[in-house]
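Single-structure report; data block below.
Number of protein chains: 2
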Amino acid sequence: MALRDERVTLAHGGGGKAMRDLIEEVFTSVFQPDAMEDQARLVSEALCEPGARLAMTTDGFVVDPVEFPGGDIGKIAVCGTVNDLAVGGAKPLWLSAAFIIEEGTEIALLRRIVASMQAEAEKAGVRIVTGDTKVVGRGSADKVFITTSGVGVIPPGRDMAATKVRPGDVAIVNGVLGDHGAAIMAARGDMALSAEIPSDCAGLGHLMQAVLAAAPDARACRDATRGGLASALNEIAEAAGVGIEIEETALPLRPEVKGVCEILGLDPLYLANEGTLVVFVPEDQAEAALAAMKTVPEGAGATVIGKATDGPKGRVTMRTLFGGGRIVDMLVGEQLPRIC
Amino acid sequence: MALRDERVTLAHGGGGKAMRDLIEEVFTSVFQPDAMEDQARLVSEALCEPGARLAMTTDGFVVDPVEFPGGDIGKIAVCGTVNDLAVGGAKPLWLSAAFIIEEGTEIALLRRIVASMQAEAEKAGVRIVTGDTKVVGRGSADKVFITTSGVGVIPPGRDMAATKVRPGDVAIVNGVLGDHGAAIMAARGDMALSAEIPSDCAGLGHLMQAVLAAAPDARACRDATRGGLASALNEIAEAAGVGIEIEETALPLRPEVKGVCEILGLDPLYLANEGTLVVFVPEDQAEAALAAMKTVPEGAGATVIGKATDGPKGRVTMRTLFGGGRIVDMLVGEQLPRIC
Chain P
1 MALRDERVTL AHGGGGKAMR DLIEEVFTSV FQPDAMEDQA RLVSEALCEP GARLAMTTDG
61 FVVDPVEFPG GDIGKIAVCG TVNDLAVGGA KPLWLSAAFI IEEGTEIALL RRIVASMQAE
121 AEKAGVRIVT GDTKVVGRGS ADKVFITTSG VGVIPPGRDM AATKVRPGDV AIVNGVLGDH
181 GAAIMAARGD MALSAEIPSD CAGLGHLMQA VLAAAPDARA CRDATRGGLA SALNEIAEAA
241 GVGIEIEETA LPLRPEVKGV CEILGLDPLY LANEGTLVVF VPEDQAEAAL AAMKTVPEGA
301 GATVIGKATD GPKGRVTMRT LFGGGRIVDM LVGEQLPRIC
Chain L
1 MALRDERVTL AHGGGGKAMR DLIEEVFTSV FQPDAMEDQA RLVSEALCEP GARLAMTTDG
61 FVVDPVEFPG GDIGKIAVCG TVNDLAVGGA KPLWLSAAFI IEEGTEIALL RRIVASMQAE
121 AEKAGVRIVT GDTKVVGRGS ADKVFITTSG VGVIPPGRDM AATKVRPGDV AIVNGVLGDH
181 GAAIMAARGD MALSAEIPSD CAGLGHLMQA VLAAAPDARA CRDATRGGLA SALNEIAEAA
241 GVGIEIEETA LPLRPEVKGV CEILGLDPLY LANEGTLVVF VPEDQAEAAL AAMKTVPEGA
301 GATVIGKATD GPKGRVTMRT LFGGGRIVDM LVGEQLPRIC
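Protein chains in written order, with the UniProt record's numbering: chain P, 1 to 340; chain L, 1 to 340.
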């Protein structure tokens, strides 16, 4: 049956015919689940290797606006969950997607979001295997929220954790900082910025596989999303009980992002990223990790930004341009709501 | 660090210190995940038995009001996902929980919801292993939305599916119909109803284990949530290509629910349930299945309501009180938005 409506109505969430039509035409026709049962049924031999572990993660996405240069809420919902699996050393396998949709949302918008999710899932080599849709009245949500959950497999013997970082370990990022935060800020149109800054939103599963092949003893990895690189580094410093020292001159920044930060008095260390991670590797594997990153598109701008030290435990410091040092604390408050 | 705020602010979603405090004090102190990594890391031997399959499901919850007689959004979020796994014959293992919270929501309310989730998870024998919190501005969501995803294991040889129902199979429900729908309607206070109707919200994992032990060839099962029993039966009739005939006199209804339906002109067959399922079993296992259901509290009111027939394919009919027959179609439109 063809979906005749142009916008989502409450009936599309009611559990009846309208809902079935919406789900079949907009969602399952694209995601192509194996069967229309209440749960996906899945098999992976990798999960059953002795010593393998299952990784599970979830993330809700409320980004505003839902479409922005370099991506949309669908792309971010797939990449974010793929990345949360990947940074733990897991190979992402399956995703679920639950949509909370505001009455009145354009069905054409949903179709674009779903297409973008499927494209990103294919790129990452994962399948979206199950889902849900709810509809709430106008004004009870803002267009569409998506929660994705992910399941992956951590191969035998791999056990990355923030607690494992040791003094001397080298910190590497895969690319520029702050693009996502700056992109969303510019896309909100609150500022009359002429430069269009695209989000860095990207799946990092292939990048992580490359890093781990080259640097099998990689200690810990975090994607630098909300709270930016500063918060990710603080989390690691605290968990590992080490100091972390980074070099201001080593931080990769796009000139447009630097400009936005200077104009608005923002610190790019706290700006959100959706395709940037920081990985800590033993010093003797740093060169190999860096070279491996550069072999994949998402790691083209990879660079060493600093190292773990036996300095004050839990403290992140930055050597500035002028040779001084400053403490880089966790984000206090928030820079920009609904960044992801 | 003690959380001093009484209400959620945008900073609680910003990725920094305030978010960490909220997560530690309200969520992880109760759910007790193994480690603070970006993903849960899990092992289950049952998943690796030859022929076993992993079941994965997700559901978003937007119920309004968030607290109602018989439950709250937390209880429903755990039970709903446990049930989506259980009705496929899976043993539920792990849940994730993602919260989208409106700025200004009382932290005391979040604590009650989280306590209720943990209590229900313990009852169901599952663990909430990972989660996420997002905060949106006042007016961009309605208090709190929760998306839970679940992973379970389907043991070797079990393959329930709506397509497997055959003429002659017996349809059994575990208890009364429509309580959840009537409870939410009454709790909204739109009607001056004096009777307090509690929701039937309950986890059905143990019930399903009992049924499957007694009736190992059970064909298919659905929980009768949005769209009610009518929509669940229609889905099965269509998938299996059978007719389904139910008896009006056999439908278990609480007098208060019957009363609400008569006053408002609602059909209890379409009212939502959150602790009621319908299972189809071969005729020679029906008695055993029924007896097994009655051994667990959630099945105390179990009863046979009808059977699959070789009547018109995909059609659900009801023999009425007066001996006539009527077609029971899928729900058209919606009876009550934000029921779950």
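For each residue, glycine too, the CB sits at the ideal point set by N, CA and C.
Name the chain P residues whose beta carbon is nearer than 9 Å to that of residue i?
i        : result
L/Cys201 : None at all; the shortest Cβ gap to chain P is about 16 Å.
L/Val135 : Val62, Glu334, Pro337 and Arg338
L/Ile154 : Gln39 and Arg41
L/Ala141 : Val62, Ile100, Val136, Ser140, Ala141, Asp142 and Phe145
L/Ala90  : Gln39 and Arg41
Since residue i is in the alpha helix (DSSP H), which residue starts that stretch and which ends it?
i        : result
L/Val82  : Ile73 to Ala86
P/Val260 : Pro255 to Leu264
P/Glu287 : Ala286 to Met293
P/Ser149 : Unbroken run through P/Ser149 is the beta strand (DSSP E), Val144 to Ile154; no alpha helix (DSSP H).
L/Met232 : The amino acid occupying residue 232 of chain L in the given sequence is Ala; Met does not appear at that position. First-last of the alpha helix (DSSP H) with L/Ala232: Gly228 to Ala240.
P/Arg7   : Neither: P/Arg7 is in no alpha helix (DSSP H) and is coded neither H nor E.
L/Asp21  : Lys17 to Leu22
L/Arg338 : Counting along the chain, L/Arg338 falls outside any alpha helix (DSSP H), and DSSP gives it neither H nor E.
L/Arg127 : Where L/Arg127 is concerned, there is no enclosing alpha helix (DSSP H), although the beta strand (DSSP E) it sits in stretches over Arg127 to Val136.
P/Ile305 : That residue, P/Ile305, is in no alpha helix (DSSP H); its beta strand (DSSP E) goes Thr303 to Thr309.
L/Glu120 : Ile107 to Ala124
Which chain P residues are close to residue i, counting only those with a beta carbon under 8 Å from its beta carbon?
i        : result
L/Ala182 : Neighbours of L/Ala182 on chain P: none; closest Cβ ~16 Å, over 8 Å.
L/Ala161 : Ala35 and Glu37
Can you name the residues of chain P whose CB is closer than 7 Å to the CB of residue i?
i        : result
L/Cys79  : Within 7 Å Cβ-Cβ: nothing; L/Cys79 doesn't reach chain P, min ~14 Å.
L/Met330 : Gly16 and Lys17
List, in order along the chain, the chain L residues whose C-beta lies closer than 7 Å to that of residue i?
i        : result
P/Gly56  : Sequence check: residue 56 of chain P is Met here, not Gly. Near P/Met56 (Cβ distances below 7 Å), the residues of chain L are Gln39, Ala40, Leu42, Trp94, Ser96, Val129, Thr130 and Val151.
P/Ile100 : Gly60, Val62 and Phe145
P/Leu85  : Gln39
Quick check: residue i and residue j, are their CB atoms within less than 8 Å of each other?
i        : j        : result
P/Val279 : P/Cys221 : yes
L/Ala237 : L/Gly243 : yes
L/Ile172 : L/Gly88  : no
P/Ala302 : P/Lys294 : yes
L/Ala213 : L/Pro69  : no
P/Leu93  : P/Ser44  : yes
P/Ala224 : P/Leu277 : yes
L/Val257 : L/Ile197 : yes
P/Gly137 : L/Pro337 : yes
L/Ile128 : L/Val8   : no
P/Glu6   : P/Glu106 : yes
P/Ile246 : P/Gly311 : no
L/Val281 : L/Leu207 : no
L/Pro167 : L/Thr309 : yes
L/Val170 : L/Val304 : yes
L/Cys340 : L/Gly80  : yes
P/Leu271 : P/Ala182 : yes
L/Ala55  : L/Ala90  : yes
Using a cut-off of 8 Å between C-beta atoms, extract the partners of residue i located in chain L.
i        : result
P/Gly231 : Looking at the sequence provided, one finds Ser at residue 231 of chain P rather than Gly. Within 8 Å Cβ-Cβ: Gly15 and Gly16.
P/Leu47  : Leu47, Cys48 and Leu54
In the DSSP assignment, find the unbroken beta strand (DSSP E) run with residue i in it and report its ends.
i        : result
P/Ala98  : Lys91 to Glu102
P/Gly325 : Gly325 to Ile327
P/Val173 : Val170 to Val173
L/Met160 : Where L/Met160 is concerned, there is no enclosing beta strand (DSSP E), given that its DSSP letter is neither H nor E.
P/Leu277 : Leu277 to Val281
Quick one: which chain C residues come within Cβ less than 9 Å of residue i?
i        : result
P/Arg315 : Of the protein chains in the structure, P and L, none is chain C.
(message) Output needed in chain order: residues of the segment 6-24 of chain L with a Cβ under 9 Å from some Cβ in chain P.
(response) Thr9, Leu10, Ala11, His12, Gly13, Gly14, Gly15, Gly16, Lys17, Ala18, Met19 and Arg20
May I ask you to verify whether the segment 166-178 of chain P touches the segment 87-102 of chain P, counting CB pairs closer than 8 Å and requiring at least 3? Counting Cβ pairs under 8 Å, fewer than three are found: no touch.
- Task: Give a yes or no on contact between the segment 225-235 of chain L and the segment 315-333 of chain L, applying the rule of three or more CB pairs nearer than 8 Å.
- Result: yes
Across the segment 59-68 of chain P and the segment 132-142 of chain L, are there enough close Cβ pairs to call them in contact, namely three or more that are closer than 8 Å? yes
**Study point:** Cβ contact (3+ pairs, closer than 8 Å) linking the segment 69-79 of chain L and the segment 119-127 of chain P
**Key:** These segments do not touch.
Q) Taking Cβ-Cβ distances below 9 Å as the criterion, which residues of the segment 241-274 of chain P are in contact with chain L? A) Tyr270 and Ala272
**Item:** chain P contacts made by the segment 210-226 of chain L, where a contact means CB separation under 9 Å
**Value:** Ala220, Cys221, Arg222, Asp223, Thr225 and Arg226
With three or more C-beta pairs closer than 8 Å as the rule, is the segment 155-167 of chain L touching the segment 36-43 of chain L?
no
| message | Under 8 Å, with one C-beta from each stretch per pair, do the segment 9-28 of chain L and the segment 135-144 of chain P reach the 3-pair mark? | response | no
- Could you please tell me which residues of the segment 26-37 of chain L, in chain order, have their CB closer than 9 Å to any CB of chain P? Ala35, Met36 and Glu37
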